[in-house]
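Peer 1:
In our numbering, the protein residues as written are 4 to 128.
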């Protein structure tokens with residue numbers, strides 16, 4: 004027998020669908036900016052959280068940075084450390100968020116981008 008959803012569950016599901024649709028509408032440029040910030044933090048610091056990255060990004064809409072971070076995780080660029088820290092967003096009421104680190108693949112991508120940047124700078128000089 005299939006359990007019917009309560010009104011509250013249906014409303015929560017509808018709100019989640021709207022949030023996911025909004026996140027999907029973000030441009031690939033926004034995703035690129037988050038990826039650049041993550042690669043930057045990952046090469047400088049051994050671990051980082053959304054708190055660290057978010058403070059250097061423009062406002063991107065509710066849930067976007069976390070969704071982009073999860074995408075990088077699924078892409079094998081970052082991995083969970085097993086640690087959690089409280090979110091510094093007032094709206095989350097200090098909800099715990101994950102701490103991440105770059106994978107070997109993430110370090111390779113960051114190194115290649117840095118080498119490409121230096122090559123472009125040398126070519127322009």
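The C-beta atom is built at its ideal place from N, Cα and C for all residues, glycine as well.
State the CB to CB distance for the pair residue 98 and residue 90, rounded to an integer number of angstroms; the pair is presumed to be in contact (CB under 8 Å).
Peer 2: 5 Å
Peer 1: Which partner residues of residue 105 appear in the DSSP bridge assignment?
Peer 2: Secondary-structure assignment with DSSP links residue 105 through a beta bridge to 81.
Peer 1: In the DSSP assignment, what are the bridge partners of residue 87?
Peer 2: 101
Peer 1: Which two residues bound the contiguous alpha helix (DSSP H) that contains residue 31?
Peer 2: From DSSP, the alpha helix (DSSP H) with residue 31 extends over 31-47.
Peer 1: If you run the structure through DSSP and keep just helix, strand and coil, what is residue 67?
Peer 2: In the three-state reduction of the DSSP assignment, residue 67 falls in the helix class, which pools H, G and I.
Peer 1: By DSSP's criteria, residue 51 is part of a beta bridge. Which residues make up the other side?
Peer 2: 103
Peer 1: With DSSP collapsed to three states, give me the class of residue 60.
Peer 2: coil
Peer 1: Helix, strand or coil: how does DSSP classify residue 26 here?
Peer 2: Residue placement at residue 26 is poorly supported in this model, since its pLDDT is 49, which falls under 50; the coordinates still yield a value, given next. Three-state result, residue 26: helix.
Peer 1: Among 48, 122, 52, 60, which one has its Cα closest to the Cα of residue 129?
Peer 2: In the structure as shown, the chain begins at 4 and stops at 128. Residue 129 is therefore absent and cannot be evaluated.
Peer 1: Could you say if the stretch 104-119 and the stretch 57-73 meet the contact criterion of at least three C-beta pairs nearer than 8 Å?
Peer 2: no
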